[in-house]
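Enquirer: Following this message is one structure expressed as structure tokens.
There are 2 protein chains.
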Amino acid sequence: MTGEQRARRYAVIGTGAVGGFYGARLQQAGRSVHFLARSDREVIARQGLDVRSKDGDFSLFPVAVYGDVREMPRCDVVIVALKTTHNALLAELLPPVLADDGVVVMLQNGLGSEEAAAAVVGAERVVGGLSFVCAHKLGPGKVDHLDYGQVTLGAYAEGYAPQGVTAATAAVATDLRAAGIAVEVAADLLQARWRKLVWNIPFNGLSVILDERTNRMMADPAIRTLARALMEEVVQGAAASGRTIPETFIERMLEHTQNMIPYHTSMKLDYDAGRPLEIEAIYSRPLAMAAAAGVDLPRIAVLTRQLQFLDRRRRGL
Amino acid sequence: MTGEQRARRYAVIGTGAVGGFYGARLQQAGRSVHFLARSDREVIARQGLDVRSKDGDFSLFPVAVYGDVREMPRCDVVIVALKTTHNALLAELLPPVLADDGVVVMLQNGLGSEEAAAAVVGAERVVGGLSFVCAHKLGPGKVDHLDYGQVTLGAYAEGYAPQGVTAATAAVATDLRAAGIAVEVAADLLQARWRKLVWNIPFNGLSVILDERTNRMMADPAIRTLARALMEEVVQGAAASGRTIPETFIERMLEHTQNMIPYHTSMKLDYDAGRPLEIEAIYSRPLAMAAAAGVDLPRIAVLTRQLQFLDRRRRGL
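Each protein sequence line maps, in turn, to chains P and F.
With this note's numbering applied, the first sequence corresponds to residues 292 to 608, in that order.
With this note's numbering applied, the second sequence corresponds to residues 292 to 608, in that order.
Written as structure tokens, this is what we have:
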């Protein structure tokens with residue numbers, strides 16, 4: 292990774308709500324940011340980026356936006372903010388844009404992102420990223436940031452051996468903090484990913500299956516009981532991977548969800564828009580990781596099967 | 292129970308699809324049948340009963356229909372074809388209509404029906420009934436019989452001790468067979484109830500949760516896998532009650548469902564009509580019976596919680 296002699300140059304691969312939000316914050320803080328967009332490229336080139344945010348609205352113009360990675364400059368930090376359902380494209384997207392000593396930050400949900408990137412660029416150049424943000428795309432280049440925004444970073448190594456704080460994670464954390472983002476660097480990336488699944492597994496799935504927002508689900512005693520039981524299975528899955536998540540974390544997540552503003556999860560937004568659901572990353576891989584350690588997670592398996600059916604039906608498959 | 296000196300007199304409590312179908316068959320075969328109906332009473336009194344059936348349509352007029360059990364004659368056999376969600380009414384409905392030596396046939400789904408009737412009339416006067424019929428109500432006094440039709444009867448005793456074939460079950464079986472109904476008398480009622488749950492637990496719940504018919508669910512590999520896993524949990528629940536259901540029965544049910552005509556389950560029809568769902572009988576009681584024996588059925592518990600939420604939301608509770 293390039294040292295301190297010049298500001299780090301960023302690429303954002305996938306300019307949806309997440310990529311648009313963090314990329315805009317970095318550019319607003321003075322970093323050089325290069326955005327990859329597909330269908331939205333022309334509108335963003337013409338109008339820039341608009342962020343409506345609970346921390347204050349802002350607009351950026353001009354924005355360096357590209358429709359093809361081969362037109363982009365090589366970047367020190369490549370933030371991948373695609374849906375995991377597009378990770379088959381990484382082999383084509385990453386090599387042209389990554390500087391020789393650059394790093395890739397996989398800002399995605401679930402499990403499997405780092406392995407997918409490592410297969411293309413090597414494990415030593417991969418950083419895991421988890422965003423805790425309520426945001427959605429209002430239109431091309433238009434992001435609505437409703438709540439939260441913090442990021443957790445963690446260096447990746449094959450088999451998820453904990454790496455502590457590395458030069459790369461520290462450098463990206465510095466830039467994000469300068470852009471006003473709260474950042475935690477996790478010593479153990481896999482534990483951070485399992486912790487995030489404690490929320491994602493119950494609420495992403497149930498929001499699609501029950502066609503409901505978080506607040507209405509949390510208001511129902513049956514769903515509170517079910518969400519807790521699912522969270523306990525996630526904790527068992529983490530334990531099967533040798534990661535301990537304390538019971539108090541479950542309490543904290545439930546309380547936190549009760550106090551969230553009414554919210555459609557990212558999976559619900561994908562479902563309503565007819566996009567493929569991130570079932571593989573959020574459900575199938577955690578199940579497979581636990582199963583490889585001999586641990587059965589039956590409640591999570593039920594949600595997985597229901598979601599697979601709904602996803603196929605919604606997309607006419 | 293009255294002997295052979297005169298034909299047995301029947302009451303049908305609840306003249307919906309199930310009560311209307313079996314009651315009409317009995318009357319068609321020459322039995323004296325007295326129907327209790329609530330909102331449909333006037334139409335049935337005026338127009339009789341109409342059965343559209345895959346075995347041949349038929350109509351009955353006149354029909355002895357009542358709006359109040361206190362107007363009905365005392366009957367040798369009282370067939371209760373109410374939804375289980377109305378079983379709180381049994382204390383009021385059964386005593387006026389049951390002859391001194393009569394029996395009550397609880398033609399209902401799930402578990403708990405016999406206990407509810409026994410609390411009113413005594414266990415020795417209760418027979419369990421299971422109907423395997425695809426039928427729905429087209430309107431007041433109008434039944435559409437799509438497929439199947441067989442009935443399983445089993446004498447009840449406290450704690451579900453197997454009773455073999457009793458005089459009462461043999462007598463009711465004789466009358467139903469004379470009416471063209473295939474009847475099996477189960478020596479062990481509780482085993483028969485668990486066997487029926489092997490189908491009802493996966494397909495009633497999933498049809499509501501996924502808003503889908505049986506054929507479309509069975510066409511999906513994820514739902515076939517889930518249905519099988521749920522059936523295996525029902526078999527574990529039966530085992531916890533000391534009842535053995537062979538693995539081949541699961542295969543038979545899956546194959547059978549694949550070959551059924553496209554079908555909305557009774558729970559889906561209830562849901563779409565805004566009626567309360569039979570969650571207690573089909574889900575909560577089996578779960579509780581297994582839990583009392585120390586057996587956890589986590590997949591069934593997930594469906595139960597989802598259904599409780601959907602039922603409350605649908606009815607605005």
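Built from N, CA and C at the ideal position, the CB exists for glycine as well.
Exposed or buried, residue 472 of chain F, counting other C-beta atoms within 10 Å across all chains shown (16 or more means buried)?
Expert: Buried: at least 16 other Cβ atoms inside 10 Å.
Enquirer: Using a C-beta to C-beta distance shorter than 7 angstroms, which residues of chain B count as neighbours of residue 338 of chain F?
Expert: Annotation note: the requested chain B is absent from the structure, which comprises protein chains P and F.
Enquirer: Give the C-beta separation of residue 434 of chain F and residue 421 of chain F to the nearest angstrom, bearing in mind that I take them to be a contact with Cβ-Cβ under 8 angstroms.
Expert: Between residue 421 of chain F and residue 434 of chain F the Cβ distance is about 18 angstroms, and since that is not below 8 angstroms, they are no contact.
Enquirer: Could you give the distance in angstroms between the alpha-carbon of residue 493 of chain F and the alpha-carbon of residue 560 of chain F?
Expert: Distance between the alpha carbons of residue 493 of chain F and residue 560 of chain F is about 16 angstroms.
Enquirer: With DSSP run on the structure shown, which of helix, strand or coil describes residue 406 of chain P?
Expert: Correct three-state label for residue 406 of chain P: helix.
Enquirer: If I measure Cβ to Cβ from residue 318 of chain P and keep anything under 6 angstroms in the same chain, skipping five residues before and after, which residues do I get?
Expert: Same-chain partners within the cutoff: 324, 351.
Enquirer: Tell me the rounded alpha-carbon separation between residue 392 of chain P and residue 602 of chain F.
Expert: Whole-angstrom Cα-Cα distance: 57 angstroms.
Enquirer: Does the separation of the CB atoms of residue 597 of chain P and residue 500 of chain F fall below 8 angstroms?
Expert: Yes; because the gap between Cβ atoms is below 8 angstroms, this pair is in contact.
Enquirer: Looking at the structure shown, is residue 307 of chain F part of a helix, part of a strand, or coil, going by DSSP?
Expert: In the structure shown, residue 307 of chain F sits in coil (DSSP, three-state: anything other than H, G, I, E or B).
Enquirer: Under the rule that 16 or more other beta-carbon atoms within 10 Å means buried, what is residue 436 of chain P, buried or exposed?
Expert: Its Cβ being crowded by 16 or more others within 10 Å, residue 436 of chain P is buried.
Enquirer: Is it right to say residue 557 of chain F is buried, meaning 16 or more other beta carbons lie within 10 angstroms of its own, or is it exposed?
Expert: It counts as buried.
Enquirer: Beta-carbon of residue 579 of chain P versus every beta-carbon of chain F: anything under 8 angstroms?
Expert: So no, residue 579 of chain P is outside the interface.
Enquirer: I want to see whether chain P comes within less than 8 angstroms of residue 563 of chain F, judged by CB atoms only; does it?
Expert: Taking Cβ atoms only, chain P never reaches closer than 8 angstroms to residue 563 of chain F, which makes this a no.
Enquirer: Assign residue 505 of chain P to buried or exposed, taking buried as 16 or more other Cβ atoms, counted over all protein chains shown, within 10 Å of its Cβ.
Expert: Classification of residue 505 of chain P: buried, given that the 10 Å Cβ count is 16 or more.
Enquirer: Alpha carbon to alpha carbon, how far is residue 366 of chain F from residue 580 of chain F?
Expert: Residue 366 of chain F and residue 580 of chain F: Cα-Cα distance of roughly 33 angstroms.
Enquirer: For the alpha helix (DSSP H) holding residue 540 of chain P, just list the boundary residues, first then last.
Expert: Segment 538-549, the alpha helix (DSSP H) holding residue 540 of chain P.
Enquirer: Since residue 461 of chain P sits in a beta bridge, which residues does DSSP pair it with?
Expert: According to DSSP, which records beta bridges pairwise, residue 461 of chain P is partnered with nothing at all.
Enquirer: In the DSSP output, what is residue 426 of chain P paired with across the bridge?
Expert: Bridge partners of residue 426 of chain P: P:436.
Enquirer: If contact means a Cβ-Cβ distance below 7 angstroms, which residues of the stretch 493-514 of chain F contact chain P?
Expert: Going along the stretch 493-514 of chain F in chain order, one finds 500, 501, 511, 513, 514 with a Cβ nearer than 7 angstroms to chain P.
Enquirer: For residue 553 of chain F, count neighbouring Cβ atoms within 10 angstroms of its own Cβ and tell me buried if that reaches 16, exposed if not.
Expert: Residue 553 of chain F should be labelled exposed.
Enquirer: For residue 567 of chain P and chain F, any beta-carbon pair shorter than 8 angstroms?
Expert: No, its Cβ sits nowhere closer than 8 angstroms to a Cβ of chain F.
Enquirer: Taking the CB atoms as reference points, tell me whether residue 370 of chain P and residue 302 of chain P lie closer together than 8 angstroms.
Expert: Cβ distance < 8 angstroms, so residue 370 of chain P and residue 302 of chain P count as in contact.
Enquirer: For residue 475 of chain F, which residues does DSSP report across the bridge?
Expert: In the DSSP output, where bridge partners are listed per residue, residue 475 of chain F has F:443.
Enquirer: Step through the CB atoms of chain F and report whether any lies within less than 8 angstroms of the CB of residue 312 of chain P.
Expert: No, no contact with chain F.
Enquirer: Which runs of the beta strand (DSSP E) at least 3 residues long sit entirely within the stretch 298-349 of chain F? Give them in chain order.
Expert: 300-304, 323-327, 340-344, all fully within the stretch 298-349 of chain F.
Enquirer: Let me make sure I understand the geometry here. Which of F:519, F:541, F:544, F:551 has the alpha-carbon closest to that of residue 507 of chain F?
Expert: The option with the nearest alpha carbon to residue 507 of chain F is F:551.
Enquirer: Using a Cβ-Cβ distance under 8 angstroms, would residue 589 of chain F count as near chain P?
Expert: At least one chain P Cβ lies under 8 angstroms of residue 589 of chain F.
Enquirer: According to a CB-to-CB cut-off of less than 7 angstroms, which residues of the stretch 469-488 of chain P neighbour chain F?
Expert: Listed by position, the residues of the stretch 469-488 of chain P near chain F (Cβ gap below 7 angstroms) amount to none.
Enquirer: For the beta strand (DSSP E) containing residue 389 of chain P, list its first residue and its last residue.
Expert: 389-398 is the extent of the beta strand (DSSP E) around residue 389 of chain P.
Enquirer: Between the beta-carbon of residue 488 of chain P and the beta-carbon of residue 432 of chain P, is there less than 8 angstroms?
Expert: In this structure, residue 432 of chain P does not lie closer than 8 angstroms to residue 488 of chain P by Cβ.
Enquirer: Please state if the CB of residue 395 of chain P and the CB of residue 382 of chain P are separated by a distance shorter than 8 angstroms.
Expert: Contact flag unset, no.
Enquirer: Do you know whose CA, among F:607, F:573, F:586, lies nearest residue 374 of chain F's CA?
Expert: With distances taken between Cα atoms, residue 374 of chain F lies closest to F:573.
Enquirer: Could you check whether the Cβ of residue 593 of chain P sits closer than 8 angstroms to any Cβ belonging to chain F?
Expert: So, interface residue.
Enquirer: Pull up the distance between the alpha-carbon of residue 528 of chain F and that of residue 588 of chain F, whole angstroms please.
Expert: Cα to Cα, the separation comes out at about 7 angstroms.
Enquirer: Suppose the cutoff is 6 angstroms on Cβ atoms and the five residues either side in sequence are ignored; what does the same chain contact list for residue 387 of chain P look like?
Expert: Taken in chain order, the residues that qualify are 360, 361.
Enquirer: For chain F, is any of its Cβ atoms less than 8 angstroms away from the one on residue 603 of chain P?
Expert: So yes, residue 603 of chain P belongs to the interface.
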